[in-house]
C-alpha cells in the first residue's frame, strides 16, 4: 500500500465529499438491514396466527404495518444507495482527472533525455490504463469497502441481539476466507504488474506501427508486422489469462463459504429451535437473509482486494515517472528579459543516452541582431548547438552565455519563450493549418497568420486547399509535402517574433528558387533578431554575419563568406561543388 500513499493528498482535497458519502452509505445500510428483521417478524406473526395465539384482526394489522415498513425501508435504502454512488464514484472521477493532469504536467517538465529513453506507448499506457486502475481503487473499491464494513458491523450487531451462539456458528467460515484472500491477493499483485508491463509493450508497438505505416507499406512488410503484433497479443493474452485464473478463484470460494454458512444456520438454528434455545422460527429465516445479504459484500472482499492490488501495481508504475526529476532545472524563478547575445566558451558536450561526444571545445560569439550560419557534415554537431541554446541539455564543460549570463541562471520559461525554433524534422499537430501557425502565438490575428505564411512562401499552397487555412492536417502533418511542412514550421516560428531564431536545416526539402525567396524574406524579418541557420547549402549561409564549419564536433573553419571563399577548406570545396551542380 506504500505506492498508494501518493493519493492521500487527493483524499484530503475531497475529504468533505467522502465524509458525506460515508454517512450516506451508513444510512443506506441501516435501512437495508431493516428488511431481515421485518421479514422475521412477519414470519413470526404468521406462525402465531397458525398457532392461534393472535386473532385475525391483530394478524392483518401487524402484517400490514410490517409490509408498509418493509416497502418504506426498501425505498429509502434505494434512494440513499443512489446518493452514495453519486457521491463516492464522482470523487473517483475528480481524482482521475487530477491525477491525469498531474502526470501530463510532469511529462511536460521532464527533459528531452527522458523521452529518448522511454517509449511513447509506455507513456500513454501509464496515463490511461494505469490511471484507470487507480480510479477503480479510489471509487468502487473504497465505496464497496465502506459498504461492506458498514453492512458487517450493523448485521452482526442485529444477529448477536437475536442469537449470540447462532451468530458465532454463522461467522465461522470467515477466518478461512481471510487466509484465502491474503494468499490470492499477493498473487494478483505480482501478475497485475506483469500484465501492465505487457500492455505497455503492446501499446508501444501499436503506436510505432501506426506512426510508421507509410514505411511499412512501402517495404511491403505488413505480414511481418501482423505476425509480430499477433505474437505480442498472444503473450499479453497469456499473461491476462494467468491473472484471470487467480481472480476466478475468488467468487467460487465466496459462494462455497456462504453456502456453508447457510447450511450451518439451517442445521444449528433448527436444532436450537427444537431445543427451545430460539423462541421464534422467524429468527432462523432472519439469519438466512442476513447471511445472503452478506454474500455480495463477502464476495466483493475478493474483488476489492484484487482492485487494490492492481491499483497498487499501477500507482507504482505511475510513481516511477512522477518521481523522475527533470535533468534541466529552472534555477531562476523570476522572469529574465532576453536580448539575444549568444556566446559559447570552450563548450564540450556528450549525449548522456549514447555517450557520443557531440561537441569538443566549441567557441563563438554572436551579438544581438547578427546571423550565424553553421555548416558541416552529417553528425558533426550542428543541431546540438541549437539544442544547447534552447537548454534542452546542460553542457559538460565550458560556458554557454546569453546576454553575458550563464544560461543555467536564466529563467527557463523566459529563455524558451524568446526562441523561435524550426527543427529539421518539421512536426505539425493534427489540427488546422491556421492553428499550427498560431501555435507560436496563440492570440495572432488572421492577418498575422497570412503574413507569416506569405513570408514563408507557403500562402499560395494553403489557399489552394479546399478549406484553405482551416484545412485539418493528418497526424504529424502527413497531409502536407515535406517542403510544405517545413515552410509552415517556419511561419510558426516567425509569427512569434522572438529575440532568437533557430533554423535547423529547415529548407532541405525546398527547391533552390523557393529557398532564395524565403531567405530574402528572412533577411528583412531577422535584421534585428539573433539568428542561427544550420544548413548543408552555401546559399543559406552566404549572407550570414559569421559562419562556422564543424567537423566531428570541432570548429575547423570560421569567418564570413568572403573570408572563407578565399581560403582553401571545406567551405570553398562545398561552394565550388554546389556552384557546379547549379550550373548543370
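Residue numbers (my numbering): 6 to 589. No residue lacks a Cβ here, since even glycine has one placed at the ideal position from N, Cα and C.
Inset, instruction - Taking residue 365 as part of the beta strand (DSSP E), name the residues at either end of that continuous run. - result: Per DSSP, the unbroken beta strand (DSSP E) holding residue 365 starts and ends at 362-371.
Legend entry - Rounded straight-line distance, which links the Cα of residue 434 to that of residue 417: Our two residues, residue 417 and residue 434, have alpha carbons roughly 24 Å apart in a direct line.
Legend entry - residue 509 and residue 385 closer than 9 Å at C-beta: Cβ distance not < 9 Å, so residue 509 and residue 385 don't count as in contact.
Inset, instruction - With DSSP collapsed to three states, give me the class of residue 433. - result: The DSSP-derived three-state label of residue 433 is coil.
Inset, instruction - Return helix, strand or coil for residue 541, following the three-state DSSP convention. - result: Residue 541 falls in the coil class under three-state DSSP.
Legend entry - Close-in-space but distant-in-sequence residues of the same chain around residue 517 (CB under 6 Å, 5 per side omitted): For residue 517, there are no CB contacts under 6 Å within the same chain when 5 residues up- and downstream are skipped.
Inset, instruction - Give the DSSP bridge partners of residue 509, in chain order. - result: Answer by DSSP bridge pairing, in chain order: 539.
Legend entry - Where residue 15 falls, given that 16 or more other Cβ within 10 Å makes a residue buried: When all chains shown are included, residue 15 counts as buried.
Inset, instruction - On the DSSP bridge assignment, give the partners of residue 321 in chain order. - result: Per the DSSP secondary-structure output, residue 321 pairs with nothing in a beta bridge.
Inset, instruction - Please name the residue in 497, 82 and 485 whose C-alpha comes closest to that of residue 38. - result: Nearest of 497, 82 and 485 to residue 38, Cα basis: 82.
Legend entry - Where residue 470 falls: helix, strand or coil (DSSP): Looking at residue 470 - three-state DSSP - the assignment turns out to be coil, as it is neither helix nor strand.
Legend entry - Local conformation of residue 411 per DSSP, three classes: In this structure, residue 411 counts as strand in the three-state DSSP scheme.
Inset, instruction - Tell me whether residue 100 sits in a helix, a strand or coil according to DSSP, three-state version. - result: Residue 100 falls in the helix class under three-state DSSP.
Legend entry - Cβ distance (whole Å) where residue 89 is taken to contact residue 295 below 8 Å: Actually they do not touch by this definition, with Cβ atoms about 21 Å apart.
Inset, instruction - Answer with buried or exposed for residue 87, where buried requires no fewer than 16 other C-beta atoms within 10 angstroms of its C-beta. - result: If you draw a 10 Å sphere on the C-beta of residue 87, you find fewer than 16 other C-beta atoms in it, and that means exposed.
Inset, instruction - Determine, using beta-carbon pairs with one atom in the stretch 496-509 and one in the stretch 411-427, whether at least three such pairs fall under 8 Å. - result: Flag = yes, the stretch 496-509 and the stretch 411-427 touch.
Legend entry - Helix, strand or coil at residue 355 [DSSP, three-state]: Three-state DSSP puts residue 355 in a strand.
Inset, instruction - For the alpha helix (DSSP H) containing residue 515, list its first residue and its last residue. - result: Run containing residue 515: none; DSSP gives neither H nor E here.
Inset, instruction - Classify residue 463 as helix, strand or coil using the three-state DSSP reduction. - result: DSSP places residue 463 in coil when its eight states are reduced to three.
Inset, instruction - Indicate whether residue 543 and residue 576 have their beta-carbon atoms separated by less than 9 Å. - result: Yes, Cβ-Cβ distance for residue 543 and residue 576 is below 9 Å.
Inset, instruction - Sort out for me which residues DSSP pairs residue 10 with in a bridge. - result: Residue 10 has no beta-bridge partner at all, per DSSP.
Inset, instruction - Name the two residues that bound the continuous beta strand (DSSP E) containing residue 35. - result: Judged by DSSP secondary structure, residue 35 falls outside any beta strand (DSSP E) and instead within the alpha helix (DSSP H) spanning 20-37.
Inset, instruction - Return the CA-CA distance between residue 485 and residue 457, expressed in angstroms with no decimal places. - result: Rounded to whole angstroms, residue 485 and residue 457 show a C-alpha spacing of 17 Å.
Inset, instruction - Please name the residue or residues paired with residue 80 in a DSSP beta bridge. - result: The partner list for residue 80 (beta bridge, DSSP) is empty, contrary to what the question assumes.
Inset, instruction - Give the secondary structure of residue 344 by DSSP, where H, G and I count as helix, E and B as strand, and everything else as coil. - result: In this structure, DSSP gives residue 344 a state outside helix and strand, which the three-state scheme calls coil.
Inset, instruction - Evaluate residue 342 with the Cβ neighbour count: other Cβ atoms within 10 Å of its Cβ, from every protein chain shown; 16 or more gives buried, anything less gives exposed. - result: Around the CB of residue 342, fewer than 16 other CB atoms lie within 10 Å, so the residue is classed as exposed.
Inset, instruction - Would you kindly check if the distance between the Cβ of residue 309 and the Cβ of residue 160 is under 9 Å? - result: The criterion of a C-beta distance shorter than 9 Å is not satisfied by residue 160 and residue 309.
Inset, instruction - Please confirm whether residue 552 and residue 563 have their CB atoms less than 9 Å apart. - result: Yes. Within cutoff.
Inset, instruction - Can you grab the Cα-Cα spacing for the pair residue 357 / residue 118, in whole Å? - result: Spanning the two alpha carbons is a distance of roughly 8 Å.
Legend entry - Exposure of residue 149, with buried meaning 16 or more beta-carbon neighbours within 10 Å: Label assigned to residue 149: buried.
Inset, instruction - Below 8 Å on the Cβ atoms is my guess for residue 129 versus residue 212; work out the distance and round it to an integer in Å. - result: About 7 Å; that satisfies the 8 Å criterion.
Legend entry - C-beta atoms of residue 473 and residue 519 nearer than 9 Å: Not in contact: residue 473 and residue 519 (Cβ atoms no closer than 9 Å).
Legend entry - Reduced DSSP category for residue 378 - H, G, I as helix; E, B as strand; rest coil: Note: residue 378 maps to strand in three-state DSSP.
Inset, instruction - Please say whether residue 244 and residue 200 have beta carbons closer to each other than 9 Å? - result: Against a cut-off of 9 Å, the Cβ pair of residue 244 and residue 200 comes out as a contact.
Legend entry - Residue burial classification, residue 178 (beta-carbon count within 10 angstroms, cutoff 16): With 16 or more neighbouring CB atoms inside 10 Å of its own CB, residue 178 falls in the buried class.
Inset, instruction - Per DSSP, which residues does residue 556 bridge with? Please list them. - result: In the DSSP assignment, residue 556 forms a beta bridge with 559.
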